[in-house]
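Worksheet: one structure, shown below.
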Amino acid sequence: MKHMLLIGILVAISTISIHTGLDSIGLLPPQASAQAIAIDELFEWHVWMISFLFSLIVVTLVYSLIAFRRRRGETGDGAHIEGHAGLEVLWTMAPLFVVVYLAFIGAQSLGETRRVDPSALEVDVIAGQWFWRFEYPGQGVVSTELVLPVDRQVYLRMESLDVIHSFWVPEFRVKQDIVPGQVTELRITPIMTGSYKVLCAELCGTSHAYMEAVVIVLDESDFADWLAGQSASVEDDPVARGRRLSEQNGCLACHSVDGSQKVGPTWTGLFGSQVRLADDSVALADENFIISSILDPDMQVVEGYTAGVMPSNYRDLFEESQLDDIVAYIISLGK
Amino acid sequence: MEKKFPWVAGGILLLLALAAGFVLVSRRDGYLGLRYEPPVPAYDFFLTGGDGGQVHLGDFRGRVVLLFFGYTSCPDICPTTLAELSLLADELDRLALSVQVLYVTVDPQRDLPDKIATYARAFDPSFIGLTGSEEMLTPVWQSYGVYRSIDTESPTALGYLVSHSTRLYLIDPQGNLFLSYTYGTPREDILHDIRLLLRELPE
Amino acid sequence: MKEFFSLGLVRGLVYQFFGALAGIGIISGIRALMGLETAGSFGFSEPAWVFGALLGAITFLFGSGVLDDWLKWAAGEETADHHDGSHLGWRRYFGPSLDHKVIGIQYLVTALFVMAVGGSLALVFRTELAASGLQFLTTTFQVFQQNGMQLYNTLMSLHGMLMIVSILLGIAALMNYAVPLLIGARDMAFPRLNAFSFWIAVPAAIILLSSLFLGGFDTGWTGYPPLSARAPLGMQMFFLGVSLAGFSSILGGLNILATVIRLRVPGMAPFRMPIFVWASVATSIISLTATQLIGLSFQMVMLQRLFGLGFFDPAKGGNPVLFQHLFWFYSHPAVYVFVLPGLGIISELLPVFVRKPLFGYRWVAMSSLGIALVGFLVWGHHMFTSGMAEYLRVPFMYSTLLVAVPTGVKFFSWVGTVWRGKISFPTPMLYVLAGIIVFLMGGLTGPPNATVATDLHLHDTYYIVGHFHDTMFGGYIFPFFAAIYFWFPKVTGRRMNETLGKIQFWLLTPSFLALTFSMMQVGLLGMRRRVADYDPALGFDLSHLVMTISGFLVAASALLFIINLIHSARKGEPAPGNIWDSRSPEWQVASPMPVENYEIPFEVVGEPYDYGMPGSKFVEFKRGRHESK
Amino acid sequence: MKANKTNNPLRLGLWVFLLLALLTAVEFAFALWFGSWLLLLLAALAKAGLVLVYYMHIAKLFKVDESIDRESYGYKLATNRLGLWLFMVSDSFIFGGLMLSRLNLMGLTRPELDQALGLGVTSLLLVSSFFMNRAETSLAGGDRRAFLASAFITILLGIGFIIGVLGVEWQLAPFGPGDGPQGTVFYSMTGFHAFHVFTGIVFLVIIFRNGLRGRYSVEKHWAVEACAVYWHFVDVVWIFFYPALYLIGTVVP
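Residue numbers (the working numbering), protein chains in the order written: chain S, -12 to 322; chain A, -8 to 194; chain E, 116 to 744; chain W, 3 to 255.
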């Protein structure tokens, strides 16, 4: 009995120390959404269970290793104990109940994260190979940054243009894959203003690591000003339209506009330059070179870059006028 | 092995015959629509009819109500459903008096009272078209689980489209939500259910 | 020179080379006749490469000679039951042999080779990830028609699948070598099928590795479409390689099941079988059946790429989530295939070093079956965020958490076994204990992924990477090392060096714990899985440096293990007798194990683990001449 | 009527075949008048059960004598039987996966196919199953000539099935492999099944050739039994694939 008592104390000490140790290093990102609060509560349950079960097994194990180690010169075997039916039933049924209860509170916590607020702000999320685009249907605004009002649920209706992506903001906790061919939904209620990052959490190809966008949570009035500002500025200047198109469709995710080295060739000084191609021929970067490079990227691959990286479905994404705007924007980036 | 075969063969054929019979029977006396087990009281509402007057769902207590949600500039689903219902009304002949079709709008901005009423009556004089303000209609939509959203991107000749859920609800004479049908359910199934439901009622 | 070419492996490789060329030629010829494009990104069109690789695998089998007996039977000739290959010496390991012990060693060496390759790929991308920003896998870096980031994706994906293939080969090595010995059988039920199961894995591994040189693939080891439907040519080699390797696992499972059901010695009732045999049966039930689904899902994407069948192409009415259902229906039971043998090893070895019966033998045996069967019902927890039907999430949460119950029975029984024993700590025991603790960490970090709400945060993060490295090391790597240290004398008649073993242990365990702890720590804070780079502002640089260093230490310990293995094989301390004083039948016979296994057959007269009961014996040899304690 | 050893099982084989044919007709009727997938499933299960019990002799799997000598032919025969059945359990997971994909992609709708052709190839396979049983039973009864004749007929019928599916059906189908879910489902299911019919034919040719050379005796003819059981397994797969492709639910144009 002496062993049991000692082990009991050690297990208690170990559980508490593990739990406080884990808490002290700050396991989770800041809570910036109502969903985060519900999820972190459930996570707290898990941390307690992990600390307790780890202590229970490891302390008992290490204690036995020390207490029942073979002393020097000792021979013979240990106690001939084949088993104990009562114990076996106990440590089958007890975990069963714990596990079913855990699943029950897990279901409740899931329900908490999926609470529907009918007056939610609807935002359509468009994900494509390696960029994000956010459209506010009610207000007719399109932006490469997800700007949200605080304390108001946002109802994200998400579509993918090519492969499976996944919308995830660590501070909001919840994550939802975006599957081509269907619309997936996600509801988030931001509770803390500030700026966070949307990350793509499903491997989607070469630049998956860099597929991210900015999320800005503003209070109600700032958000209204931002909305007004956005919808007013529908330019009629092709270069501005070209710039907006290039941002929203992920061109600038791979092509830099300041000459810096990115996945694809830079656009500064591209127009009118002599471009050396992979097959050692040289081409003049005029309008139709640029347009053909957009529509069939693998036809004329620039030297030092690999074919098959740039998506080739722009043909059904852009109309004629939009291509001209993009060319105008490239021209504006200087000879 | 050899001796038992006739019994096995007989057993199989008997089993299949029984199964076929079971399917046949369950088809005949059961309701074909999706049944609310137990029937839930239908949300009672006051909406504006063609003459501007208030129409109360409760007025139709004692009769079967076929409730459908749509709008006048709806290109496809609503007109086909209403056409089916008008054919159904003809086939009901003597039972027609104890069945009432209500057509509630999901597009209050454009469907003014007289517009939706005349639209409904065009399919069958007995049909009643109902509309109202957004605040009056929202609770009705929600309680019947009607999903509606205005699509601004795909404008057609009739202005913006409203995508909406297309279920047809059957409210029994006691005012309970009893059955519901998906779009495209053949007319005979609805007719079969109405006859079954009304026959159970004491004449 | 002629002697060199007579080796089955060499002839197989030569046949594979020419078979592949012939396959490419045939398809290119047909395409030319049909006026289709014959050139492709790597010289030939994709269908030519795929058929070439497939034909190469088939001709490898003919060349290696593993089909010879079957071909004779088809031709109506009789063949000898057992070919006695002992006259060949070491060369019998390089050709098809029917002896389960030779096949076991062949599996072991191939497993270690594949693990070394897979592990070193990890070191490459671990070095890149040591600091944020791209250091050498940059966008302008070019090799095998892949830029730095594409190469990262390929290395990461190949690391995943190569380690899985090495685990499958490793458990096949343990099961093939030990199960016949433990149940007193002369050999496996189907020796030729056993040889075929090994030799199909060799061309499969070659094809899998060739994906690195044929443009790589960027989908991770899971190969989700639509990304895998548009990946470079290397994707097809990956799919084909895994499908072929799957046959090795399926037929291996079939063989183990038939052997255990049909060839146990008289008196060995089911509940008197060694516990590792129970674990092998549970594992084989899964690998026999579920493995077909990963083959099917991969072949479906291959058909989509080759012939345009729109399984997972939304434009053709396909459903990308269907792939995930089919894929995970295998791939979750697969992780139980990986760990069940390891847990069986822990339950088998613990009593020997604790000198005490396995606590609750029947419960532990049933828990293996329990894990295997419940394991079939839980695959949905990989898809909580995938856009599958909403109503499926809660049921899969309940079924996933239910798996923790039989796993718990194992842990508690191990603690029960250790209680009031007489414990000694040779190297195998160290690995068994570390296996228990590391697998416990793996098991306990599981439930947060099982409850849907927390999984919404954890899915596809480094927390998951830490979780499955814990379960894989605790459930396979540590018990695998323990088993080799334990059974090495039966193979070579010598024992492995204890001091080297302990050095390797104390080099491996702490660094591994640091590796997975940092993985989980950064994962919780927002580090995504499968990314070539991470934002310096997140402050993960230190943790990643720790991970890279501990990765190298783990690799160093693996290297030390291989040195110990090779050194001890020739110059290890001779160990002919029952050095662990085990009751198990194979230790009652002199080492190294004779080809016939048990010239004098034995009968089961007692319980397998009655340590501590004076005078009790597990097995009794028929004519009693061969007296043993 | 003297029920000697050979014609009793042969007559049983005939009765089983007739019942299978009747059940196929019943299945067709179920599809036409009831259109309830439950009835189709029951009919398919009944047919599969009949083939498993009477043609594939599943009972032999459990009537095993443990006590005989481990190296004897009888003991090895029982082990071989277990191995074959384990293989078929494993292979059925591939067809299970295909069936689930079919249900996921098309639900209770089916591709637009020629019913006469469907019934035609199905009866070809059913008749071949009968002759396969007749071949195995004749050999077990010692009648080598009848075995060779029936085996040859089975080969012809098998080739006829493959020509019917690949040669005729694949050309006539109103959709290509890439046209929507119908193409995907139809070509993958019939393709995987036809491949297994092809391997069955190779197996048949081998046992036919060895049979000609007198390699098989009444006591030792495991290869023939294995070929028969495998052939019936491929037939059982088609028993489930046929309603899933031709009979269930409503046609999608």
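C-beta atoms are modelled at their ideal positions from N, C-alpha and C, and glycine is treated no differently.
C-alpha of Ala33 (chain A) to C-alpha of Val646 (chain E): approximately 54 Å in a straight line. Among the residues facing chain E, Trp78 (chain S) is included, as its CB has a counterpart in that chain under 7 Å away. Ranked by Cα distance from Ala11 (chain A), the first of W:Leu150, W:Gly37, W:Ile203, W:Gly193 is W:Gly37.
The closest CA to that of Asp648 (chain E), considering only S:Leu190, S:Ser51, S:Pro298, is found on S:Leu190. Beta-bridge partners assigned by DSSP to Trp155 (chain S): S:Lys162, S:Leu186. Taking CB atoms only, Val92 (chain A) has no neighbour in chain W less than 7 Å away. In the three-state scheme derived from DSSP, where H, G and I count as helix and E and B as strand, Ile486 (chain E) is classed as helix. Residue pairing for Val226 (chain W): DSSP places it in no beta bridge. Here the alpha carbons of Gln173 (chain W) and Ile460 (chain E) stand approximately 56 Å from one another. Sequence-distant Cβ neighbours of Gly727 (chain E) in its own chain, meaning closer than 6 Å and more than five residues away, are Lys471. Contacts between Ser38 (chain W) and chain A, judged by CB atoms closer than 8 Å, involve Val14 in chain order. In the displayed model, Ile145 (chain E) falls within a helix according to three-state DSSP. Between the alpha carbons of Gly8 (chain S) and Ser1 (chain S) lies a gap of roughly 10 Å. Check the Cα spacing between Leu41 (chain W) and each of W:Thr139, W:Glu29, W:Thr124, W:Met90: the tightest is with W:Glu29. Interface annotation, Ala74 (chain A): not in contact with chain W, CB-CB separation never under 7 Å. For Leu205 (chain S), same chain residues with a beta-carbon under 8 Å away, outside a window of 5 residues either side, are Val134, Leu135, Pro136, Val137, Thr180, Trp213 in chain order.
A Cβ-Cβ separation of about 7 Å places Ile92 (chain S) in contact with Leu29 (chain S) under the 8 Å criterion. Assigned with DSSP and collapsed to three states, Gln619 (chain E) falls in helix. In the structure shown, Ala270 (chain S) falls within a strand segment according to DSSP collapsed to helix, strand and coil. Against chain W, a Cβ distance below 8 Å from Gln407 (chain E) picks out Ser92, Asp93, Phe95, Ile96, Gly99. With a 10 Å radius around the Cβ and a threshold of 16 neighbouring Cβ atoms, Ile53 (chain S) comes out exposed.
Residue contact with chain W for Lys431 (chain E): present (Cβ-Cβ distance below 7 Å to some residue of chain W). Counting C-beta pairs with one atom in each stretch, the segment 89 to 98 of chain W and the segment 134 to 152 of chain W have fewer than three that are closer than 8 Å, which means they do not touch. Phe19 (chain W) and Gly349 (chain E) have their alpha carbons spaced roughly 49 Å apart. Sequence-distant partners of Leu366 (chain E) (beyond 5 residues in either direction) whose C-beta falls short of 7 Å from its own C-beta, in its chain, are Leu308, Phe311, Ser312. Segment contact: the segment 137 to 149 of chain W against the segment 118 to 128 of chain W, fewer than three CB-CB distances shorter than 8 Å; contact not assigned. Membership of Phe169 (chain A) in the beta strand (DSSP E) is indicated by the continuous run 167 to 172. In the DSSP assignment, Asp111 (chain S) falls within the unbroken beta strand (DSSP E) covering 108 to 115. Residues of the segment 457 to 475 of chain E with a Cβ closer than 7 Å to any Cβ of chain S, in chain order: Val469, Arg470, Lys471, Pro472, Phe474, Gly475.
Met276 (chain E) and Arg146 (chain E) have their alpha carbons spaced roughly 32 Å apart. In summary, Arg126 (chain E) is buried, with 16 or more beta-carbon neighbours lying within 10 Å of its beta-carbon over all protein chains present.
By the neighbour-count criterion, in which a residue is buried when 16 or more other Cβ atoms sit within 10 angstroms of its Cβ, Val720 (chain E) is exposed. In this structure, the straight-line span from the alpha carbon of Arg112 (chain W) to that of Gly175 (chain A) is close to 18 Å. Under the three-pair Cβ rule at 8 Å, the segment 585 to 594 of chain E does not count as touching the segment 529 to 542 of chain E. Gly291 (chain S) reaches chain E at Thr255, Gln257, counting residues in chain order whose Cβ is nearer than 9 Å. Per DSSP, the continuous alpha helix (DSSP H) segment holding Phe676 (chain E) begins and ends at 656 to 686.
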